[in-house]
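All remarks here apply to the structure that follows.
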Amino acid sequence: MRSLRNGMLAAGLGAAFVMTSSVCAAPRKAPAAPKVPELAAEDVTVVELKDRMPAHWLVVNDVVFTHLLDGRAYIVDADKGTYLGMVPGGHSHAGVQFSPDGANLLMPGTFFARGSRGERTDVITWFALKDLMPGPEVVIPPKRMQALPLLSSIPLTDDGRFMLIFNFTPEQSMTVVDAQAKKLVGEFETPGCALAHMTGARSFMMQCADGSLQSATLDESGVITLGATTDPLFDRDDPATDKPVRVGNSRWLFITFAGAVTEVDNASGTPVAGARWRLTGPGEQGWRPGGLQPYAFHAPSGLLYVLMHEGGPGTHKHPGTEIWVFDVARQQRIARLPIETPATAIEISKDADPLLYTALFGSGTVVVRKPADASVLRKIEGLGNDISVLQAPPVAAPAAGAAK
Amino acid sequence: MRSLRNGMLAAGLGAAFVMTSSVCAAPRKAPAAPKVPELAAEDVTVVELKDRMPAHWLVVNDVVFTHLLDGRAYIVDADKGTYLGMVPGGHSHAGVQFSPDGANLLMPGTFFARGSRGERTDVITWFALKDLMPGPEVVIPPKRMQALPLLSSIPLTDDGRFMLIFNFTPEQSMTVVDAQAKKLVGEFETPGCALAHMTGARSFMMQCADGSLQSATLDESGVITLGATTDPLFDRDDPATDKPVRVGNSRWLFITFAGAVTEVDNASGTPVAGARWRLTGPGEQGWRPGGLQPYAFHAPSGLLYVLMHEGGPGTHKHPGTEIWVFDVARQQRIARLPIETPATAIEISKDADPLLYTALFGSGTVVVRKPADASVLRKIEGLGNDISVLQAPPVAAPAAGAAK
Amino acid sequence: MRRFDRAAEYLARTAARSTSRRGFIGRLGAFVTATGAATLLPVSRVRAEKAAVPIQVHEEGDPNSCDYWRYCAVDGFLCSCCGGSASSCPPGTEPSPITWLGTCRNPADGRNYVISYNDCCGKAACGRCNCSRDEGATPVYQPSTANDLDWCLGTQVGVAYHCSLSVVTGLAD
Amino acid sequence: MRRFDRAAEYLARTAARSTSRRGFIGRLGAFVTATGAATLLPVSRVRAEKAAVPIQVHEEGDPNSCDYWRYCAVDGFLCSCCGGSASSCPPGTEPSPITWLGTCRNPADGRNYVISYNDCCGKAACGRCNCSRDEGATPVYQPSTANDLDWCLGTQVGVAYHCSLSVVTGLAD
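Top to bottom, those sequences are chains Z, P, E and V.
Just add 762 to the spot in the first sequence (first one is 1) and you have the working numbering.
Just add 762 to the spot in the second sequence (first one is 1) and you have the working numbering.
Just add 247 to the spot in the third sequence (first one is 1) and you have the working numbering.
Just add 247 to the spot in the fourth sequence (first one is 1) and you have the working numbering.
In structure tokens form, the structure reads like this:
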């Protein structure tokens, strides 16, 4: 301060009111004497990102469990290992959805008029990737499910036309937002069934409390009509998780806590259970999938990456200590890769030359790995408190559609 | 789960919808066989605190710097070392004020309609100590200074009638709230001067940028009139901190970064500088006061406790490694007490048999000490992220008034 | 699509005993009939107490520790560490009227008890004693036994989650 | 009560050069006249750039480290760690038009530079690279040199604080 005060008094500024604009930002001519040129006066700039999200950028969701009001998504460049920016969420932050062109992030948010109390407002906000500024906003019924993050509670139709928001009050319903017109379509009752797993531009499956699946369609105006229902496909003793894996346009793998896999196809509008197999083989009954995001499917290669740990019933949120890799078409495991740090979330980029990502809830660190052997390429640290789910952006040719 | 499902099915409940009310809360009769009686079904209760705040309870303010939206105050019992509850704050949480009877906490809060963006609303909310529920609320101009916490930015008049809120937009002004009628009185310009240091039921002093003090009064309706101003009392080279210490009804100690003390009395309505002395003696020039709350004055004993550290200019937020104790009337140090953990905040209870408290920003821990030697009586841990200031409640006979 | 189970029958009987919550129960009808059930706690009857209610005399263990027997299926901040207890909400919060159930074995008497995991609501997250045990927890589409859900949804004060109780409701068998 | 100083004179000269910000400067009049000053940055002229502007060629050190020379008087999260740089706000934030000044010595050339500590605003706190150095910082009642204040107050996006810049504005002497 001494130097500041003296310097500024010498310059006749007192406590100076200095313009740092381009008006006076031109670099000064260096005085005669010193050998090193004087630093130029700088303009302030604001960073812009890209128009579309590159395949190796990643959205890292932080639910901030100890300060649930301030959930957020971080954007990182996994090739460079750099932090690029942040998109604010809200109370009980679930995640974002990418517009199919990768140019916009749709962010569901829940806010209270007085922080953690007062009138509740739920909104969908569009953030352009380019400037990460809050753009259009659609107010939706303040009923969005508040839970540990599940991306299937906030899906976007494949063409980006509609966003679906699962409500739990505890009545169960689905809010539909027209993402093109940016307005609310309406709220539709879905008694007894939850979440939306997209099986086409205008169709999806829901999971119901008795272990059955419910088919549903959207019409061109976004109105939901419930369709066929299956018999209960899963036991109450070993339910399918609420984190199924999309392996084709209309095909999903439902995987139970114990690792039993059932492929279900909704192409016909009636969910049809197909192949049934298990993640574990003989002598591996002690191993289970676990975590907040235990599965990542890479459509170009048809490979499924699963976080596995040793543990019994009730350990479905335990972090994985190995990544098991499966060829879904052949229903076979092709690799078993121990990892040096346990992980509760796994994701893989959607391009042909992918990066594999893992994160452990509470670590604030994303580990970037080689898919072939899970070896560590780099780590991105300081990513907040409570990483829940990781989200790789879509690539030019939608992976899910291509795989069918 | 296995046991739950089996048990509940056996009891004929399916997935049971069980009342836990008093209707069915009567303890079941123990069956014949087991020796240990069966546990009783329990009612849910909500804890109530006391009508008035005991002298050894403490309000611990957490600004939550990494999640500034979610500031809060914790209430702890320093005798028992227990955590009692939490009062939510808002963005850039400053602290609370106690009603003179200790029955209510007045909490200034700043909120945005969309978490960290959107329309800003500033309010004062009354929380009864007994139930810690948000009670009446007064909306004030959304101009409250957002800064590291300073209790003199949100003072209450000694009789609890008016609350003053210092605004910085960067125009400087003072909002006055009638705490009895629970309504806004108005906003009054205070150009060039900041904060309010109460010097009576209806008078206060402000600190001005040129190092002078500004006297001001409130009339019975809460209207502020600016009064006399002093000459600059402090050098720009060594300014008085914005954390002066009240040592009497109308008397405050202003203490500079380097530890020079000036007592100022505003009893006449014109601030009059009195005794000038220093915290440091010969050979102690390397020591300075520092922290976010470096001073605690105990009115019944007339003793001032100061967090001191070794450091030069620019270290005024550094944590103290010793507590120096001064007899203010005699302007003499009576003790120099090293502490095992550095501290950025110090406070002392206002009763005749006081407890001394220290906390280090970032530690989440309040250390309860014996005032005589600063020895550790107990620690209260897990108090959030960023403890800023500690607040001991008023006792039956207001300490500040009694000391005059 | 008929997903009715014995819970609805039980509900009908139970609801008849509680006049004060009929309106609320009525709203729950579709949910209960369709998906199973959840614990309903009549908030209008919740008592305020001068102190947190401690554990019962025939229990053992530390209710501030995640290892405490009642917490076998909890996921959240323990109200015991937040100014409440296993059955008492901290001051300034409201217990959720509905929630989900777990069954835990009390080591002191060897019996299994049904535990109701009501949330205390309306205040920002407590942040103390985070405990996740998940024994018997199901996916969110089976909400009556799901601990990933914020169960504050039935409260007057809104869904902001503060901490979780673990209340003994009776013997499991 | 006349607290006029040379800053007001300087402001008058400077403002004359900037037509775009006159309305804003007008509003600042009372503040500047009365209390001294703060740095005014015409936000209407802030450029968007495809990348964060790096440090200049004649500088040394790591702008992601609190030890970096420009940070001698900063108090907050370093924008360099938040998707920006020492002079670039992260995407989705707005630089504060006014702020306070410090003077830091550049070890690479031995010169003292005036550094403008503008905040980037409108988004919840970044939370990365917290750095508090405070050299030359004054109490809040001397705001033109106070780093305890949230300087986002002049922005369109509101006072929510995200991170702090450290912009070279010129030689100090």
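Backbone N, C-alpha and C fix where the C-beta goes; we use that ideal spot for every residue, glycine too.
For Y1119(Z): DSSP bridge partner residues
Sequence index remark: in the first sequence, residue 1119(Z) carries index 357 (1-based). The partner list for Y1119(Z) (beta bridge, DSSP) reads E1109(Z), V1130(Z).
So the beta strand (DSSP E) E899(P) belongs to, where does it begin and stop?
Translated into the one-based positions of the second sequence, residue 899(P) becomes position 137. First-last of the beta strand (DSSP E) with E899(P): 896-902.
Contacting residues, own chain, Cβ-Cβ under 6 Å from G273(V) (five flanking each side not counted):
In the fourth sequence, residue 273(V) corresponds to position 26, counting from 1. Reliability fails at G273(V), whose pLDDT of 30 lies under 50, so the model's placement of it is uncertain and no value is given.
Using the Cα positions of E300(E) and E933(Z), report the straight-line distance between them to the nearest angstrom.
The count along the third sequence starts at 1 and reaches residue 300(E) at position 53. The count along the first sequence starts at 1 and reaches residue 933(Z) at position 171. Correcting the residue identity first, residue 300(E) is Val in this sequence and not Glu. In a straight line, the C-alpha of V300(E) is about 32 Å away from that of E933(Z).
Reduced DSSP category for T1083(P) - H, G, I as helix; E, B as strand; rest coil:
Locating residue 1083(P) in the second sequence gives position 321, where the first residue counts as 1. Of the three classes helix, strand and coil, the one that applies to T1083(P) here is strand, per DSSP.
Taking A865(Z) as the reference, give the member of R814(Z), R1095(Z), K842(Z) with the closest Cα.
Stepping through the first sequence from its first residue, residue 865(Z) is reached at position 103. Checking every option, the nearest Cα to that of A865(Z) belongs to R814(Z).
Which bits of chain P does H829(Z) rub up against, with CB to CB less than 7 Å?
As a working mapping, residue 829(Z) is identified with position 67 in the first sequence. Result: V826, H829, D832.
So with CB distances below 9 Å, who are the chain V contacts of K1169(P)?
Lying outside 763 to 1166, the shown extent of chain P, residue 1169(P) is not represented and no answer is given.
Could you say if the region 896-906 of chain P and the region 358-366 of chain V meet the contact criterion of at least three C-beta pairs nearer than 8 Å?
no
Reduced DSSP secondary structure (H/G/I, E/B, other) of Y836(P)
Against the second sequence, residue 836(P) aligns to sequence position 74. DSSP places Y836(P) in strand when its eight states are reduced to three.
Contact list for T1003(Z) against chain E, beta-carbon separation under 9 Å
In the first sequence, counting from the first residue as 1, residue 1003(Z) sits at position 241. Chain E residues near T1003(Z): P386.
Minimum C-alpha distance to R1196(P) - residue among A1020(P), L975(P), T987(P), K1112(P):
Outside the displayed span of chain P (763 to 1166) sits residue 1196(P), for which this structure offers no information.
Can at least three beta-carbon pairs, one atom from the region 824-839 of chain P and one from the region 1094-1111 of chain P, be found at a separation below 8 Å?
no
If the cut-off is 8 Å on Cβ atoms, which residues from the region 844-860 of chain Z count as contacting chain V, listed in chain order?
Y845, L846, G847, M848, V849, P850
By the DSSP assignment, the beta strand (DSSP E) with H409(E) in it spans what residues?
For the purposes of this step, residue 409(E) is taken as residue 162 along the third sequence, with counting starting at 1. That run of the beta strand (DSSP E) goes 408-411.
Minimum C-alpha distance to E1072(Z) - residue among G1048(Z), L1065(Z), K842(Z)
The residue labelled residue 1072(Z) in the question sits at position 310 within the first sequence. It is G1048(Z).
Going along chain P, which residues have a C-beta under 7 Å from S335(E)?
As a first step, residue 335(E) must be located in the third sequence, where it is residue number 88. What S335(E) touches in chain P: T807, V808, V809.
Under 9 Å between the Cβ atoms of P1155(P) and W888(P)?
Locating residue 1155(P) in the second sequence gives position 393, counting from the first residue. Locating residue 888(P) in the second sequence gives position 126, counting from the first residue. Taking 9 Å as the Cβ cut-off, P1155(P) and W888(P) do not qualify as a contacting pair.
Counting only Cβ-Cβ distances shorter than 9 Å, please list the residues of the region 403-419 of chain V near chain P, keeping chain order.
V404, G405, V406, A407, Y408, H409
Quick one: what does DSSP say P337(E) is sitting in, helix, strand or coil?
Walking along the third sequence from the start, residue 337(E) turns up at place 90. P337(E): coil per DSSP, three-state reduction.
Are the C-beta atoms of F873(P) and some chain Z residue less than 9 Å apart?
Position 111 of the second sequence, counted from the start, is the residue given in the question as residue 873(P). Closer than 9 Å to some Cβ of chain Z, the Cβ of F873(P) qualifies, so yes.
Alpha carbons only, please: which of Y845(P), V947(P), L1117(P) is nearest the one belonging to I902(P)?
By 1-based counting over the second sequence, the position of residue 902(P) is 140. When only C-alpha atoms are compared, the closest one is V947(P).
C-alpha gap between A1022(Z) and R1038(Z), whole angstroms:
One-based indexing of the first sequence puts residue 1022(Z) at position 260. One-based indexing of the first sequence puts residue 1038(Z) at position 276. Spanning the two alpha carbons is a distance of roughly 7 Å.
Quick one: list the residues of chain Z neighbouring S1125(P), beta-carbon separation under 7 Å, in chain order.
By 1-based counting over the second sequence, the position of residue 1125(P) is 363. Residues of chain Z passing the Cβ test: none, with the nearest at roughly 16 Å.
For the beta strand (DSSP E) that C955(Z) lies in, which residues bound it at each end?
Position 193 of the first sequence holds residue 955(Z). Taken as a continuous stretch (DSSP letters only), the beta strand (DSSP E) holding C955(Z) covers 955-960.
If you count every other CB in all the chains shown that lies within 10 Å of the CB of I837(P), and 16 or more means buried, which is it?
As a working note, residue 837(P) is residue 75 in the second sequence. I837(P) comes out buried.
Any idea if D397(V) is buried or exposed, counting beta-carbon neighbours within 10 angstroms, 16 or more meaning buried?
Position 150 of the fourth sequence, counted from the first residue, corresponds to residue 397(V). Buried, since its Cβ has 16 or more Cβ neighbours within 10 Å.
Within 8 Å, do at least three Cβ pairs link the region 801-810 of chain Z to the region 333-349 of chain V?
yes
Which first and last residues belong to the beta strand (DSSP E) in which Y360(V) is found?
Locating residue 360(V) in the fourth sequence gives position 113, counting from the first residue. Here the beta strand (DSSP E) through Y360(V) covers 358-363.
Would T931(P) count as contacting chain V if we go by Cβ distances under 9 Å?
By one-based count along the second sequence, residue 931(P) stands at place 169. Interface residue, yes.
Considering only the alpha carbon of each residue, which of P870(Z), A1121(Z), R882(Z) lies closest to A875(P)?
If you number the second sequence from 1, residue 875(P) lands on position 113. Nearest option by C-alpha distance: R882(Z).
Quick check on C430(V): does DSSP put it in helix, strand or coil?
As shown, chain V starts at 248 and ends at 420. That puts residue 430(V) outside it, with no answer to give.
Mind checking who D824(P) pairs with in its DSSP beta bridge?
As a first step, residue 824(P) is located in the second sequence; it is residue number 62 there, counting from the start. R834(P), I1149(P), per the DSSP bridge assignment.
Cutoff 8 Å; reference L418(V); Cβ partners in own chain excluding five residues on either side
The residue you call residue 418(V) lines up with position 171 of the fourth sequence. Closer than 8 Å at the Cβ level, and outside the excluded window around L418(V), lie R358, N359, Y360, V361.
Within-9 Å CB hit, D314(V) to chain Z:
In the fourth sequence, residue 314(V) corresponds to position 67, counting from 1. Chain Z, which has no Cβ nearer than 9 Å to the Cβ of D314(V), makes this no.
Helix, strand or coil: how does DSSP classify S332(E) here?
For the purposes of this step, residue 332(E) is taken as residue 85 along the third sequence, with counting starting at 1. Of the three classes helix, strand and coil, the one that applies to S332(E) here is coil, per DSSP.
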